[in-house]
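Down below is the structure, laid out as structure tokens.
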Amino acid sequence: MGNRTTPSVVAFTETHRLIGEAAKAQITTNPQNTVFDAKRLIGRKFHDQIVQNDLKHWPFKLVADEHDNPIIQVQYMGETKNFTCEQISSMVLSKMKQTAENYLGEKVTNAIITVPAYFNDSQRQSTKDAGLIAGLNVLRIINEPTAAALAYGLDKLSQSGRRYVLIFDLGGGTFDVSLLAIEKGYFEVLATNGDTHLGGEDFDNNLVDFCIKEFRRKYHRDPSKAQSSIRRLRSACERAKRILSSEVSTTIEVESMYDGQDLVQPITRAKFEELNLTLFKNTLNPVRKVLADANLNVRDIHDVVLVGGSTRIPKVQELLSDFFNGKQLYNSVDQDEAVAYGAAVQGSILIGSSKEISTDLILLDVVPLSLGVETAGGVMTKIIPRNSTIPTRRMKMFTTNEDFQEEVEVQVFEGERPFTKDNNKLASFILTGLPHVLKGVPHIEVTFDIDSNGILQVTAVENSTGTEAAITVINDKNHLKPEEIAKMIEDAEMFQVQDEEKQGSLKKKSELETYLYKVNKMLRKSEIKKSMPKEMRDALRGEIGDILDWIEENPEEKGEVYEKRMREFERKAELKIAPFRVFDDDFKPYMVLENGAIIDRLD
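In full-length UniProt numbering, the protein residues as written are 1 to 603.
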């Protein structure tokens with residue numbers, strides 16, 4: 001459709017699959033089989049409270065598998081199909097891969113994928129799996145605000161002096177704040193914070209809830225269970241939200257909202273701001289935290305860069321500007337495209353395609369969440385604190401808490417809570433062969449080594465014996481097994497073939513319809529009316545009408561069937577038309593006649 005961004009929406013119908021704008025366009029007529037917000041689901045468990053809270057806003061069906069992973073259930077081609085969040089995300093990535101290949105004219109295999117800065121290890125690993133299923137070699141997972149900072153700073157590589165830049169990234173479903181120091185191409189992330197569950201969708205939800213309450217108050221009817229109506233209302237609320245960024249009022253309208261009653265709800269910008277003021281103010285909390293973590297204050301910040309479509313909301317800008325003492329906010333970077341642009345810069349650096357950028361730019365990111373181990377009493381003992389620059393290596397000394405203990409289990413966690421039960425477990429391993437001594441005597445050195453890709457290696461060594469055990473942390477709890485990924489890749493390729501067949505069929509149908517309309521248009525021209533008998537023209541029009549009726553009754557035929565019908569009619573029509581020598585820009589027969597025989601096709 002010519003849009004510069006692609007919605008992360010996937011739809012399933014009785015005949016085919018839709019991705020992006022086409023999926024979003026039919027969401028009001030097919031809400032139960034249109035999937036969005038996969039980013040809010042990925043890497044989470046079904047019974048996660050955040051997922052449970054969101055269920056009321058999703059028209060599609062969500063169930064739990066045996067491991068409590070959320071499974072999206074839809075009707076597709078007459079069957080009930082189950083998809084993981086990784087599969088849905090991979091479909092969007094496949095669409096982007098195809099778009100890139102069409103533009104570049106060559107195969108695309110490598111990719112940089114961006115994620116919210118506050119994504120945990122489970123969410124990052126699941127995102128990487130989605131890339132693998134899409135047939136991509138994921139060179140790196142990088143934080144979205146960090147990518148945006150690259151887009152902001154690329155034209156400032158030659159500037160001297162250290163600049164502190166705050167990236168304020170408020171999108172559709174997530175919110176991130178990162179604080180960077182930039183100096184002559186040296187990008188250092190000092191602190192990051194955010195909320196993986198705050199964005200434009202939440203503002204829409206508040207507006208939807210308001211409209212439902214008003215509808216109940218006015219008409220004493222509850223439309224909340226009518227999924228199709230709620231989806232239409234949600235689309236109308238999203239449009240209203242966008243309009244209110246530039247206008248002071250608008251009207252939310254939904255025909256036949258419930259029991260034949262229309263919804264017509266005027267809404268002002270002031271009311272929209274009132275409904276969402278708490279959420280708007282909540283965006284300042286991560287800003288305060290990153291400033292505190294970096295030991296900086298508002299006067300130290302040179303630029304506040306707006307990223308994400310939700311930063312266009314005037315009240316969000318007003319609160320942020322006021323927080324920074326009236327500072328002019330930086331919005332020269334396109335809010336919707338900054339992250340993708342920065343990711344492209346990072347890709348260029350990694351593959352060395354741009355020597356100028358590669359030699360002039362250094363990027364140092366941070367870990368968003370603290371990493372540590374469980375110690376006695378279920379305590380979370382941090383080894384790498386959050387906002388530590390990566391790559392990094394940290395070590396701590398531990399001992400046993402029982403006499404003559406022969407082994408210890410090293411359990412690795414991420415999170416900020418004081419007890420491990422409230423944090424996210426990444427992995428565990430056993431260190432065996434400890435010396436036969438009293439508790440407190442062994443010296444066990446635990447080392448955390450995290451590289452620039454965020455891959456964590458944990459090593460434990462008992463110093464007196466040299467006994468060692470190590471693990472490279474792969475989140476087995478959420479990481480798909482190789483055979484699962486292989487099966488999902490196979491399914492993705494099958495869906496791709498089905499999509500291509502469908503596109504080919506639609507193309508052939510369109511060619512047949514276009515040809516029929518051209519012939520019909522030609523038959524109405526004055527020149528042909530004078531030279532071609534009326535009964536012959538009527539006969540051709542009758543055949544055109546019959547074929548158009550057939551198309552309407554058979555909208556999902558295979559491409560070769562449409563092509564056969566076209567060739568049959570084409571031959572018949574051109575045999576009748578050719579003697580009258582009607583060759584113009586609107587209709588050029590493929591054949592001419594000489595003594596009643598077909599001799600050639602015209603270009």
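Heads up, the beta-carbon is just placed ideally off N, CA and C, and yes, glycines get one too.
Predicted, not measured: the structure shown is a model, and the values here were computed from it.
Straight-line Cα distance separating residue j from residue i
i    : j    : result
I390 : P7   : 32 Å
I471 : G172 : 37 Å
I444 : A460 : 6 Å
V561 : S235 : 38 Å
V582 : M532 : Since pLDDT at V582 reaches only 49, below the 50 mark, its modelled position is unreliable, and the value read off the structure follows with that caveat. When rounded, the distance between both Cα atoms is 10 Å.
Q227 : E14  : 19 Å
Y590 : E21  : Unreliable positioning characterises Y590 in this predicted model, as indicated by a pLDDT of 40, which lies under 50. The coordinate reading is nonetheless provided below. Each residue's Cα considered, the two are about 36 Å apart.
G43  : N453 : 18 Å
K107 : E501 : 20 Å
A151 : L233 : 36 Å
P59  : Q75  : 13 Å
A539 : E527 : 18 Å
L170 : E553 : 47 Å
N423 : P368 : 14 Å
K55  : T514 : Per the sequence shown, residue 55 should be read as Leu rather than Lys. Near 44 Å, if we compare the C-alpha coordinates of T514 and L55.
T146 : S122 : 20 Å
T251 : F210 : 13 Å
Q498 : H16  : 7 Å
R163 : D336 : 24 Å
E556 : M522 : 28 Å
Option nearest residue i by Cα separation, candidates the options
i           : options                : result
residue 605 : A111, L233, Y118, E552 : There is simply no residue 605 to check, as the chain begins at 1 and stops at 603 in what is shown.
E402        : L438, K382, M380       : L438
G433        : K421, E468, T127, I212 : E468
I349        : L361, R524, Q87        : L361
S370        : T400, D336, T420       : T420
T400        : P368, I383, K382, P435 : P435
I230        : Y258, L291, P116       : Y258
P418        : G372, R221, L456, Q75  : G372
K81         : M397, L548, S256, K61  : K61
T127        : S90, D499, E535        : S90
K508        : E543, G559, K241       : G559
M397        : R216, V446, G415       : V446
G347        : T28, D204, N137, D449  : N137
T381        : S388, L363, Q411, R393 : Q411
S332        : L306, K56, P70         : L306
D204        : L363, I313, F495, A11  : I313
Q87         : G466, F429, G131, K572 : G131
V290        : V254, R386, G260       : R386
E36         : I19, H47, I50, E337    : First, the residue type needs correcting, since residue 36 is Phe and not Glu in the sequence shown. Residue I19 is the option with its Cα nearest to F36.
A240        : P223, L207, D222       : L207
V165        : V298, S249, I551       : V298
Residue i in three-state terms, based on DSSP
i           : result
residue 692 : An answer regarding residue 692 cannot be provided, because it is not within the stretch 1 to 603 covered by the chain.
E574        : helix
D403        : coil
A460        : strand
V345        : helix
Q87         : helix
Q496        : helix
D365        : strand
M380        : strand
Q411        : strand
F60         : coil
A11         : strand
G372        : strand
A226        : coil
Exposed unless 16 or more other CB atoms sit within 10 angstroms - verdict on residue i
i    : result
R567 : exposed
A376 : exposed
E406 : exposed
K281 : exposed
A597 : Because A597 sits at a pLDDT of 39, beneath the cut-off of 50, its placement in the model cannot be relied upon, and the point is left open.
E318 : exposed
T196 : buried
R124 : buried
D129 : buried
Test: residue i CB closer than 9 Å to a CB of chain B
i    : result
V379 : No chain B appears in the structure shown, which is made up of a single protein chain.
> Quick one: complete alpha helix (DSSP H) runs, 4+ long, within the region 500-537?
Replying inline: Complete alpha helix (DSSP H) runs here, min 4: 526-531.
>> If we require 4 or more residues per run, which alpha helix (DSSP H) segments fall completely within the region 253-283?
In response: Look at the region 253-283 and you find these whole runs of alpha helix (DSSP H), each 4 residues long or longer: 269-282.
> Taking only runs of the alpha helix (DSSP H) that begin and end inside the region 280-325, which ones reach a length of at least 4 residues, in chain order?
Replying inline: Look at the region 280-325 and you find these whole runs of alpha helix (DSSP H), each 4 residues long or longer: 284-293, 314-323.
> Which full runs of the alpha helix (DSSP H) of 4+ residues lie inside the region 160-223, going along the chain?
Replying inline: Look at the region 160-223 and you find these whole runs of alpha helix (DSSP H), each 4 residues long or longer: 200-219.
> If you scan the region 71-140 from start to end, which runs of the beta strand (DSSP E) of 3 or more residues do you find wholly inside it?
Replying inline: Runs found: 79-84, 110-115.
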